[in-house]
Every structure is written in structure tokens, then in C-alpha cells.
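> The numbering of the sequence shown is the numbering used here, which starts it at 148 and goes up by one.
All C-beta atoms, glycine included, are put in the ideal place defined by N, C-alpha and C.
Let me begin by handing over the structure; questions about it come next.
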Amino acid sequence: MSNRFEHLAAPGVRRLAPYVPGKPPEQLERELGIHDSIKLASNENPLGPGPLARRALERAQSGVGMYPDGSGHRLRERLAARHGVAQSQVTLGNGSNDVLVLLAETFLTPDAEAVYSQYAFAVYPIAVQAAGAVARVAPARAPGHAMALGHDPEALLAAIGPKTRLVFLANPNNPTGTWLDQRELDRLLAGIPAEVIVVLDEAYHEYSAGCGVPDGARWLVRHPNLVVVRTFSKAHGLAGLRVGYALSDRDVGDLLNRVRQPFNVSVPGLAAAAAALDDREHVATTLELNRAGITRLTEGLRALGLEVAPTAANFVLVDLGRPAAPVSDALQRLGVIVRPVVNYGLPHHLRITTGTAAQNERLLSAMASALADGA
Numbered sequence: 148m149s150n151r152f153e154h155l156a157a158p159g160v161r162r163l164a165p166y167v168p169g170k171p172p173e174q175l176e177r178e179l180g181i182h183d184s185i186k187l188a189s190n191e192n193p194l195g196p197g198p199l200a201r202r203a204l205e206r207a208q209s210g211v212g213m214y215p216d217g218s219g220h221r222l223r224e225r226l227a228a229r230h231g232v233a234q235s236q237v238t239l240g241n242g243s244n245d246v247l248v249l250l251a252e253t254f255l256t257p258d259a260e261a262v263y264s265q266y267a268f269a270v271y272p273i274a275v276q277a278a279g280a281v282a283r284v285a286p287a288r289a290p291g292h293a294m295a296l297g298h299d300p301e302a303l304l305a306a307i308g309p310k311t312r313l314v315f316l317a318n319p320n321n322p323t324g325t326w327l328d329q330r331e332l333d334r335l336l337a338g339i340p341a342e343v344i345v346v347l348d349e350a351y352h353e354y355s356a357g358c359g360v361p362d363g364a365r366w367l368v369r370h371p372n373l374v375v376v377r378t379f380s381k382a383h384g385l386a387g388l389r390v391g392y393a394l395s396d397r398d399v400g401d402l403l404n405r406v407r408q409p410f411n412v413s414v415p416g417l418a419a420a421a422a423a424l425d426d427r428e429h430v431a432t433t434l435e436l437n438r439a440g441i442t443r444l445t446e447g448l449r450a451l452g453l454e455v456a457p458t459a460a461n462f463v464l465v466d467l468g469r470p471a472a473p474v475s476d477a478l479q480r481l482g483v484i485v486r487p488v489v490n491y492g493l494p495h496h497l498r499i500t501t502g503t504a505a506q507n508e509r510l511l512s513a514m515a516s517a518l519a520d521g522a
């Protein structure tokens, strides 16, 4: 259907395909007339928020009639202390997605370029295109590499040109789960010009730290052009509250806060995120559940003859060796929602989030049925 106002939109917006989120269980149940479906599509924490965040949410209810603290002072103070930086180096976002868009809005113009890897997080090309900038996509590592489909540091460096203003780099990457180790990341950061802003997206940091993936915040002092992006949506279980943040040089933070919308994090979001920082026990329980889940899914899916990539996140990328859409449809009819990644150029793959032990077993049983039925 044509849009009669499209000619009024910015050129980048006219060609833009919006981000399509994972299907909610209630939508699937409405469409298929089924009940008790599970969603393993959006990399959410199956445990949800921890007890400290839940109590903070209850207390925050009395304040929702007022605007939130536009500066997010208490949360920024807590984050600055946690990471050993000044408050001026912390920028809050309505989820880390908001921070990624802020960076594009701040540094990209139609005359500028941004670099990211093939199979990188889908929000990067959306943010770049909406800003009207040019995307330079670096080829991913080839099949057969230990981190196949992951970032290739040499290819990323080769893609940087005189008009490059941003380099987006997810570590670990979504949807592949692959990562760069400390040596690779150190060499990559050292090779990027000081006038290029490096966006190190660490949405899955809590999960990946146990796999030897480095904490990017350690490079902030050495590389003033580095911006480390984190979220409370994953390990902290606050995806529905939309709280993320950036750690950067204070001059970069000053620019981001000129663009950041006032009150972009809600009263409940500020309260729950600040409390979640103290809930180390909940995070530890989450990580233990995830480690067991990754092991079970990897072993179970390989037993079904499927190829499972290494991962440092809370999901696995599965190569079915055939078009994934029919298998995804069959799983949905069995009440299991996973994520096809054809939009990433991976039509034979599914991304599957780890769930509870019971949810993981249900996924494996449903997958066996879907494959046996010739989906």
C-alpha cells in the first residue's frame, strides 16, 4: 500500500524497514487459538526482575504521577561508582536501543559513514539509515572459523574511511553469539582513528564475562573515542522497563545529553534499575540458570543433527541446514516462539533464547517434532 505522505519524509526514512520484535505469546495464542505458549525469541531473562527490583517497583508506584528526575541523578551516581567513572561520563537511555539511536543522531549526517559488521545487531543499520548516513558493512568471518559469522577485526578496520564517524561493535554479537577476546579487541581499538567514535555494545556483558569476554569499560581511559553501551534488559530482567546507559568520555557524554530527550527513563525504571545493581544474588542465579540452559540446548540440538554456534550470550544460533521459516511456523503451532533471522541474511538459522529448565525441554521436544514432520 502506498503512503501519500512518503514524499515528505526524510530520504533515509523513506527506504527504512522498521525493526520487527519477537512475537508476544498473547498474539500467537490469539492467532492460533492455543494456550500456554512460551517465548524464547527475544533474549529475555526467564526469571524476570530480582526481589530487590520488585520491591523498588512497589515503592515507586506512589511517584508515577510526577515526572521522573530528568538527570537520573541517583542511578547515574550508582553506575558511576560501579564502573569507576564520573557521573558526567554516564548517559541514560530508554533501553540501550535508545542510546544507540542517540549516538547516530549525535554523530551521523548524510555526509558521514558508519561501519558495522555483516550479521550485526539489526538496530545499527536502522539508526544509520534513519540519520541519512552511509553504511559500510564489513564482511563477517567465514564458515570454518572458530567464530564463524562473527566480527572480523581486519575487515572492520579496512572498512573505515575518511568519512567514518561511528563504528558499531557488539561484543558478544547478536544474533550470532560470537565474540572478540581481549587481545583482538585491544588490537582493534588501537587501530581505529581517534576521531572515529567506537560504540562497544555490551548488552550481554553479564553473561559473557564468564566466557572470558573483556569488560570494555577498562579501555575508556586509554580511548576517549570509546562508548560502552549496557542494558538492564537482559541479565537484570527489566526488559519491559526500558533502561540502558552509555559510559564514555565526558565530552562525548555532553554531546549525547544535548540530544537525549528529557525524562527518557521512567520513575519505575530509575528505581528498579538502581535496586537491581545491588541484587548480585539474582544475577548469580540468572547466570547459573543460563549456563545450564546453554549446555542443555547445545547438546540437545546437536543430538537432533543441528549445528549450534558457540555463544557468550543467553541464546544459541542454530543452523537447520534448510529454510528456517517452516520450522519456526511448526514450533509456533506447538506453542513455542523462537526467532528466525532471515532479516540478518541467515535464512537457515534460528536464534533461540535459553529459558527455564522446563522451557528448554519443551523447546527440544517441539523441535524434534517439527523436524520429524518435515517442516
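1. Checking the sheet assignment: what are the DSSP bridge partners for Ser264?
2. Report all residues from its chain with a CB closer than 6 Å to the CB of Glu454; omit the five preceding and five following residues, and keep chain order.
3. Have a look at Ala289 and His495 and give me their C-alpha separation to the nearest angstrom.
4. Ignore the nearest five residues each way along the sequence and tell me which others in Ile185's own chain have a CB closer than 8 Å to its CB.
5. Please classify Asn461 as buried or exposed, where buried requires at least 16 other C-beta atoms within 10 Å of its C-beta.
6. Are the CB atoms of Val237 and Val414 nearer to each other than 7 Å?
7. Taking C-alpha atoms, which residue in Val489, Ala515 and Arg469 lies nearest to Leu448?
8. Give me the Cα-Cα distance between Arg480 and Leu179, rounded to the nearest whole angstrom.
9. Using the Cβ count rule (16 or more neighbours within 10 Å means buried), how would you classify Ala422?
10. If the criterion is Cβ atoms closer than 7 Å, does the pair Gly363 and Val375 meet it?
11. If you draw a straight line from the alpha carbon of Val390 to that of Ser264, how long is it in whole angstroms?
12. So, are the CB atoms of Pro90 and Tyr491 less than 7 Å apart?
13. Grouping DSSP H, G and I as helix and E and B as strand, with all else coil, what is Gly447?
14. Just grab the DSSP bridge partners of Lys186 for me.
15. So the candidates are Pro272, Val406, Ser209 and Asn192; which of them puts its Cα closest to the Cα of Arg283?
16. Provide the residue span of the alpha helix (DSSP H) that contains Ser218, from first to last.
17. For Ile499 and Arg443, I'd like the C-alpha separation in whole angstroms.
18. In whole angstroms, give me the CA-to-CA distance for Val160 and Asn244.
According to the data block:
1. By 1-based counting over the sequence shown, the position of residue 264 is 117. DSSP lists Ala285 as partners of Ser264.
2. Taking the sequence shown and counting its residues from 1, one reaches residue 454 at position 307. Excluding residues within five positions, the ones whose Cβ falls inside 6 Å are Asp466.
3. To locate residue 289, count along the sequence shown from 1; it is residue 142. To locate residue 495, count along the sequence shown from 1; it is residue 348. Each residue's Cα considered, the two are about 16 Å apart.
4. What you label residue 185 is simply residue 38 of the sequence shown in a count that begins at 1. Result list for Ile185: Pro172, Gly482, Val483, Ile484, Gly502, Gln506, Arg509 and Leu510, in chain order.
5. In the sequence shown, counting from the first residue as 1, residue 461 sits at position 314. By the 10 Å Cβ count, Asn461 comes out buried.
6. Translated into positions along the sequence shown, residue 237 becomes position 90. Translated into positions along the sequence shown, residue 414 becomes position 267. The answer is no: Cβ separation not under 7 Å.
7. For the purposes of this step, residue 448 is identified with residue 301 of the sequence shown, where counting begins at 1. Residue Ala515 is the option with its Cα nearest to Leu448.
8. Residue numbering aside, residue 480 sits at position 333 when the sequence shown is read from its first letter. Residue numbering aside, residue 179 sits at position 32 when the sequence shown is read from its first letter. Here the alpha carbons of Leu179 and Arg480 stand approximately 7 Å from one another.
9. Position 275 of the sequence shown, counted from the first residue, corresponds to residue 422. Ala422 comes out buried.
10. On the sequence shown, residue 363 is found 216 positions in, with the first residue counted as 1. On the sequence shown, residue 375 is found 228 positions in, with the first residue counted as 1. Between Gly363 and Val375, the gap from beta carbon to beta carbon is short of 7 Å.
11. Along the sequence shown, one-based indexing puts residue 390 at 243. Along the sequence shown, one-based indexing puts residue 264 at 117. Approximately 25 Å, taken between the alpha carbons.
12. Nothing can be reported for residue 90, as the shown portion of the chain is limited to 148 through 522.
13. Residue mapping note: residue 447 aligns to position 300 of the sequence shown, counting from 1. In this structure, Gly447 counts as helix in the three-state DSSP scheme.
14. Here residue 186 refers to the residue found at position 39 of the sequence shown. Answer is Ile484, bridged to Lys186.
15. Sequence index remark: in the sequence shown, residue 283 carries index 136 (1-based). Measuring from the Cα of Arg283, the nearest candidate turns out to be Pro272.
16. As a position in the sequence shown, residue 218 is number 71, starting the count at 1. No alpha helix (DSSP H) contains Ser218, which DSSP labels as neither H nor E.
17. As a working note, residue 499 is residue 352 in the sequence shown. As a working note, residue 443 is residue 296 in the sequence shown. Taking the CA atoms as reference points, Ile499 sits about 12 Å from Arg443.
18. If you number the sequence shown from 1, residue 160 lands on position 13. If you number the sequence shown from 1, residue 244 lands on position 97. CA-to-CA, the gap between Val160 and Asn244 works out to about 18 Å.
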